[in-house]
Amino acid sequence: IDSSGRVLTTVRPAWKWSTGDAHGSHTGGTAHNPLQWNDRIVDTDGAGGNLIKSGTNHTLVVPVTGLYWVAYGGIKGSSSSVVGRMHMSRTSGSGDSVFPQCRGEENSPYAEMFVAFVVNAVAGDEWQLQTSNDGMWMGGSASTANGFNDPFWTGYFIG
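Residues 85 to 243 (the numbering used here) are what the sequence shown spells out, left to right.
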């Protein structure tokens, strides 16, 4: 800790994922449980590994107990009569298990949905994201093409 009270670390757990080229396995505007994260732009457990559970491309395993800043969102599906929803769930572990939900209203096709919050997590907690009802629009194809409209999930360890 420096004289200003800042904690200095070389690397801290952080992630920034989008569905990227996984969008082909998701039909836009429908529910998905869980979302798949094939475009992992940032993915570090802070110790030289990543945050994806071995053998999957959709479950994040919390590496360090503490407080995390988390955000996720995207664009609601095209329906003008069905709500779009996206939320995080803890599938195992003992940290916080109630998280905010993104919601796009029935009469707002392609509405932008976003949520950000701080959460207490315990090392080993497993998190997933899912969509329901009209879900999220899968507007891109891959990180090298136009995947900028795909659902995303990002966060980092605060301390």
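Note that beta-carbon positions come from the ideal geometry of N, C-alpha and C, so glycine has one too.
Reduced DSSP secondary structure (H/G/I, E/B, other) of residue i
i           : result
residue 233 : helix
residue 109 : helix
residue 104 : helix
residue 123 : strand
residue 220 : strand
residue 159 : strand
Backbone CA spacing between residue i and residue j [nearest angstrom]
i           : j           : result
residue 175 : residue 206 : 13 Å
residue 143 : residue 210 : 6 Å
residue 188 : residue 115 : 13 Å
residue 161 : residue 127 : 27 Å
Any chain D beta carbon closer than 9 Å to residue i
i           : result
residue 100 : Absent here is chain D; the protein component of the structure consists of one chain.
Neighbourhood of residue i by C-beta, 8 Å cutoff - its chain only, sequence neighbours within 5 removed
i           : result
residue 242 : 150, 151, 152, 153, 202
Of the residues the options, the one placed nearest residue i, counting alpha carbons only
i           : options            : result
residue 123 : 132, 106, 138, 165 : 106
residue 145 : 97, 112, 191, 164  : 97
Beta-carbon contacts of residue i that lie in its chain and below 6 Å, excluding the five residues immediately before and after
i           : result
residue 155 : 200, 238
residue 172 : 183, 211, 213
CB contact flag (residue i, residue j, <9 Å)
i           : j           : result
residue 234 : residue 102 : yes
residue 214 : residue 117 : yes
residue 166 : residue 129 : no
Residue i Cβ short of 8 Å to the ligand NAP heavy atom set
i           : result
residue 212 : As for the ligand NAP, it is missing from this structure, which has no ligand bound.
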